[in-house]
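full-length UniProt numbering numbers the first residue of the sequence shown as 1 and each following residue consecutively.
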Amino acid sequence: MSEATSLEPHWGYVDRAVPCTNDAGSCEYLDIVYHSHDLGMLYSGILWSVVIGGLLLWGLLLRSGATSSRISRTLGTMSHRWLLPDIKRTRFLFGRTTRLQVLVLACITAYLTVFSFVGIKYKTWYTPVKNMPGVYNRRSSIGPVSDRLGILAYALTPLSILLGSRESLLSVVTGIPYQHFNFLHRWLGHIIMLQAVFHTIFWCIIEIRWYQPQPKVAKEWIVQPYIIWGVVAMILLLILWLLSTSYARRAFGYEFFRKAHYVLAMVYIGACWAHWAKLKCFMLPSLLLWFADRGARLARTCLIHYRILPDGRGMFQTIDAKITHFDSDVIRLDFPNPDPLEFTVGQHFYMCFTEGGIWQSHPFTPLSLPGDDHGYLIRAKNGETKRIANTNSASTPIIITGPYGADIISDLELEDNVLCIAGGTGITFVLPVLLHLSRYGLTAGRMIELIWVVRHGRDIEWIAPEIEELRRDENIRITMKTTRDVQEAATPQRTESVSSNSKEIGSGGTSTSSPAETPAATTIDTMKEFDPEKAIDQGILPSHRPDLRIKVNDFVRRTVNGPTVVYVSGPGGMISDVRDEVAALNDAGKVWKGDEGASVRLVYDERLD
Numbered sequence: 001m002s003e004a005t006s007l008e009p010h011w012g013y014v015d016r017a018v019p020c021t022n023d024a025g026s027c028e029y030l031d032i033v034y035h036s037h038d039l040g041m042l043y044s045g046i047l048w049s050v051v052i053g054g055l056l057l058w059g060l061l062l063r064s065g066a067t068s069s070r071i072s073r074t075l076g077t078m079s080h081r082w083l084l085p086d087i088k089r090t091r092f093l094f095g096r097t098t099r100l101q102v103l104v105l106a107c108i109t110a111y112l113t114v115f116s117f118v119g120i121k122y123k124t125w126y127t128p129v130k131n132m133p134g135v136y137n138r139r140s141s142i143g144p145v146s147d148r149l150g151i152l153a154y155a156l157t158p159l160s161i162l163l164g165s166r167e168s169l170l171s172v173v174t175g176i177p178y179q180h181f182n183f184l185h186r187w188l189g190h191i192i193m194l195q196a197v198f199h200t201i202f203w204c205i206i207e208i209r210w211y212q213p214q215p216k217v218a219k220e221w222i223v224q225p226y227i228i229w230g231v232v233a234m235i236l237l238l239i240l241w242l243l244s245t246s247y248a249r250r251a252f253g254y255e256f257f258r259k260a261h262y263v264l265a266m267v268y269i270g271a272c273w274a275h276w277a278k279l280k281c282f283m284l285p286s287l288l289l290w291f292a293d294r295g296a297r298l299a300r301t302c303l304i305h306y307r308i309l310p311d312g313r314g315m316f317q318t319i320d321a322k323i324t325h326f327d328s329d330v331i332r333l334d335f336p337n338p339d340p341l342e343f344t345v346g347q348h349f350y351m352c353f354t355e356g357g358i359w360q361s362h363p364f365t366p367l368s369l370p371g372d373d374h375g376y377l378i379r380a381k382n383g384e385t386k387r388i389a390n391t392n393s394a395s396t397p398i399i400i401t402g403p404y405g406a407d408i409i410s411d412l413e414l415e416d417n418v419l420c421i422a423g424g425t426g427i428t429f430v431l432p433v434l435l436h437l438s439r440y441g442l443t444a445g446r447m448i449e450l451i452w453v454v455r456h457g458r459d460i461e462w463i464a465p466e467i468e469e470l471r472r473d474e475n476i477r478i479t480m481k482t483t484r485d486v487q488e489a490a491t492p493q494r495t496e497s498v499s500s501n502s503k504e505i506g507s508g509g510t511s512t513s514s515p516a517e518t519p520a521a522t523t524i525d526t527m528k529e530f531d532p533e534k535a536i537d538q539g540i541l542p543s544h545r546p547d548l549r550i551k552v553n554d555f556v557r558r559t560v561n562g563p564t565v566v567y568v569s570g571p572g573g574m575i576s577d578v579r580d581e582v583a584a585l586n587d588a589g590k591v592w593k594g595d596e597g598a599s600v601r602l603v604y605d606e607r608l609d
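Here it is as C-alpha cells:
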C-alpha cells in the first residue's frame, strides 16, 4: 500500500493498490482475486434482478386480469398436471412437497453451483515471502472460490429472511400464503450453511497451512477483529442450523426453536456485518426486513387488543374465549369478533393462551365467516393446548395476532364446482367456503360436496350449528366418513368380527348409515380386555379411511359443466393423495379446445410448523 500511486475501488471488497509492485505470481493471483470478486457481485446482482423482476411480473399479471384468458387457463392446467404432485422418490429428503417447490429449489441450486465457480482461473502459485529467503507462500484459486461462496451466502441472507417472514412481502406480491415459502426458507438455510462451511474451511487451509511462516501467520490472522466476528458468525449459524433439525425441534420443543431462531438470526446478521462490513448492502436489508416483520406483528396485536378508555387512557385487554369440551381430545373456543378486526375466508390467526405464558402462540383457522363470532377447533396435543383441554374453567383469556394467509375464495367463479375435503379439525379450513356459498345464495347451478373424514360419528358435535345451517341448503351434499367407529363391540368370546361405519348426509339433510367402503373382518383375541381404538393404533384392526383419489375422480366425472375447485385440509397423506389426483385430472389439451371441465384447481392448507 505504501508503494501505490492510487487505490482502485471494488464494491464489497478492500481497495486495491495499483500498480502491483509484488512479484509476478502475487500480482497475477491478485488480478484473479479482484476479478473473481467483481464477478461475484455481478452474479449476486443478476440473482436479485431475476427475483425482483419475477415477483413484479407475477404481481402485475395477478392484478391485470390476464389470468382469466384461455392461454393462461391452459398454461395453469398444464402446470397443475406436471408440477402439483409430490416427488415420491425424494419424499425421504424433501417431505410432502410439490414438484414446483422442488423445481424452484433446483433452479436456485443450479445457479449457485455454476456461478460459484465460473469466471475463475484455476492455478497454483508459489510466491516468495519478503525478507525471508527460501520461504514461499502457496497461493491457490480456492481463495477466490472461498470469497465467491461468501458473497453468495451474504446475498442469499435477505432472501432467506423474506421466505421466512410471517408478515410476508412475497405474499403481498404473489398472493401465496407465507407458509408455502417455508420449504424454500429451510433449504436456503441449508445452502447458506454449506457455503459458510466451505468458506471457513478454505480460508483456514490458506491461512493456517499455506501462508508462511507458520504458526506466526495463523496467530496474527486469528486475532484480527474481522476474523473473530467471522468465527462468531459461523458458530451462530451452526447453532441455528442444528436447532432447525427435526430432532432438535422434538427435543427442545417448537416454541423454544422459534424464539431462539428469531434471536440467533438477528445476532448472526450483526456478526456477519462485523465480519465483513463492506457487504453491508446485503446485511442492512436483512436487518430491516427482520425488524419490519417483528414490528408489524406487534402492531397487529395492538390494533386488536389495545383499547382507548373514555378518559383517554389506553389499556391492553385480552379476549375471554368460551371453552366447549367434547368426548374427544378436541375443544372448541368461541368469542365475539373484536372490533374492528377484519379477515377473509381461509386466513388464520396466531393465538396465545395467557394463563400459560405469553411466549407461546399457535396458528388456528376460524371456522366462522368474517363478521360473525369467532369459532375455533383445537386438538389437544402437548403443552398449552393440552392444559386448556384439561381445565375445568368455562373460559380462558387469549391474545390473537393476524390475520395471516390468503383469501381462498377470491378466485372462485360462478361456474366453478366445489369439492371440499377435510380430515378431523381440518374442517375449519373448508367449512367457511361452504358457509359463504350457502349464506350468499351462490350454490345454485353448481355441484357442491363436502367429504369430512373423522374418527367417530359423534365428532359432528364439534360443528353442529354450522352443519345444521348447511343441511338447509339442498344444493350441498355432505358426506361424513368415520375411521374408528366399529359396528360390533368385542364380547367375551374367543374371536369377534369388527368393521367400520360411515354416515352420509345428502341434500335435504337426510342421514343414512352404511358399511364402510372396504369393510374388513379381522380375527382378534378378546380373552383380555379389548380397546378398539388402541387396536386400530397398533395395527391390529384396519382404519377404514376412504380412498380420496377415487372420491375426487368420481366428483369431477359427475360434473356436467364448468371447472372444479378442490379445497382440502388434513394430514399430509390426505393432501398428497388429493394433489396427485387433481394433477392427473387436468388436461390442458381439452381446456384449450374449450372444455372447462378438464380444469381442476386445488387449494390446500399447508401445515404450519
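Glycine residues also receive a C-beta, built at the ideal position from the N, C-alpha and C atoms.
{"query": "Could you tell me the boundaries of the alpha helix (DSSP H) in which Y226 lies?", "result": "P225 to L243"}
{"query": "Considering D554, what are the terminal residues of the alpha helix (DSSP H) in which it resides?", "result": "L548 to R558"}
{"query": "In the DSSP assignment, what residue or residues form a beta bridge with G375?", "result": "D334"}
{"query": "Under 8 Å Cβ to Cβ from R379, same chain only, skipping five residues before and after it: list those, please.", "result": "D329, V330, T385, G424 and T425"}
{"query": "Of all the options R258, F94, V582 and V430, which has the alpha carbon lying nearest to the alpha carbon of D605?", "result": "V430"}
{"query": "Among the residues of its own chain, which have a CB less than 7 Å from the CB of G59, if the five just before and after it don't count?", "result": "V173 and T174"}
{"query": "Should the stretch 146–157 be regarded as contacting the stretch 271–282, the criterion being three or more beta carbon pairs within less than 8 Å?", "result": "yes"}
{"query": "Does V129 come out as helix, strand or coil in the three-state DSSP assignment?", "result": "coil"}
{"query": "Quick one: is R209 buried, meaning 16 or more other Cβ sit within 10 Å of its Cβ, or exposed?", "result": "exposed"}
{"query": "Going by beta-carbon coordinates alone, are S36 and D147 separated by less than 8 Å?", "result": "yes"}
{"query": "Taking C-beta to C-beta, are V454 and I409 nearer than 8 Å?", "result": "no"}
{"query": "Name the residue from H456, L470 and G457 whose alpha carbon lies nearest to the alpha carbon of L450.", "result": "L470"}
{"query": "Going by beta carbon distance, what residues of the same chain come within less than 8 Å of G509, once the five residues before and after it are set aside?", "result": "Low per-residue confidence applies at G509: pLDDT is 41, beneath 50, and the placement is therefore not dependable enough to give any value."}
{"query": "With a CB to CB cut of under 7 Å and the five nearest residues on each side skipped, what residues in its chain are close to L83?", "result": "T98, R99, L100 and L103"}
{"query": "Helix or strand or just coil, what does DSSP make of F316?", "result": "strand"}
{"query": "Would you mind sorting Q179 into buried or exposed? The rule is 16 or more other CB atoms within 10 Å of its CB.", "result": "buried"}
{"query": "Quick one: Cα of V231 to Cα of C204, how far?", "result": "11 Å"}
{"query": "If you measure between the beta carbons of Y13 and Y29, is that distance less than 8 Å?", "result": "no"}
{"query": "So, under 8 Å CB-CB, V556 and T74 are touching, yes? Tell me the CB distance rounded to an integer number of Å.", "result": "In fact, because the Cβ distance is near 18 Å, the residues do not count as touching under 8 Å."}
{"query": "Along the chain, where does the beta strand (DSSP E) that runs through R139 open and close?", "result": "Y136 to S140"}
{"query": "Could you spell out the range, first to last residue, of the alpha helix (DSSP H) harbouring G270?", "result": "Y254 to H275"}
{"query": "Under the assumption that S168 contacts H185 (Cβ atoms under 8 Å), give the Cβ distance between them as a whole number of angstroms.", "result": "At roughly 10 Å, the Cβ-Cβ gap does not stay under 8 Å, so S168 and H185 are not in contact."}
{"query": "So for W452, helix, strand or coil by DSSP?", "result": "strand"}
{"query": "Which partner residues does V102 have in the DSSP bridge list?", "result": "BP columns for V102 are empty, so no partner."}
{"query": "Would DSSP call E176 helix, strand or coil?", "result": "Strictly speaking, residue 176 in this sequence is Ile, with Glu absent from that position. Reduced to three states, the DSSP call for I176 is coil."}
{"query": "With burial defined as no fewer than 16 other Cβ atoms inside 10 Å of the residue's Cβ, what is the status of Y211: buried or exposed?", "result": "buried"}
{"query": "What beta strand (DSSP E) runs, 3 residues minimum, are completely inside the stretch 356–443?", "result": "362–364, 374–379, 395–404 and 417–423"}
{"query": "Classify W359: buried if its beta carbon has 16 or more other beta carbons within 10 angstroms, exposed otherwise.", "result": "exposed"}
{"query": "Pull the bridge partners of L7 from the DSSP assignment, please.", "result": "A17"}
{"query": "Verify whether the separation of the beta carbon atoms of L39 and G143 is less than 8 Å.", "result": "no"}
{"query": "Go ahead and pull the three-state DSSP assignment for Y247.", "result": "helix"}
{"query": "Report buried or exposed for L581, applying the criterion of at least 16 other Cβ atoms within 10 angstroms of its Cβ.", "result": "Note on residue identity: the sequence assigns Glu, not Leu, to residue 581. E581 is buried by the Cβ-count criterion."}
{"query": "Could you check if W11 is buried or exposed, using at least 16 other CB atoms within 10 Å of its CB as the buried criterion?", "result": "exposed"}
{"query": "Would H227 pass as a contact of W221 if the rule is Cβ separation under 8 Å?", "result": "The question names His, but residue 227 in the sequence shown is Ile. Yes, these two residues count as a Cβ contact at 8 Å."}
{"query": "Within its chain, find whatever has a CB closer than 6 Å to the CB of W276; leave out the 5 residues flanking it on each side and keep chain order.", "result": "none"}
{"query": "Can you tell me whether G597 is buried or exposed? The criterion is at least 16 other CB atoms within 10 Å of its CB, across all chains shown.", "result": "buried"}
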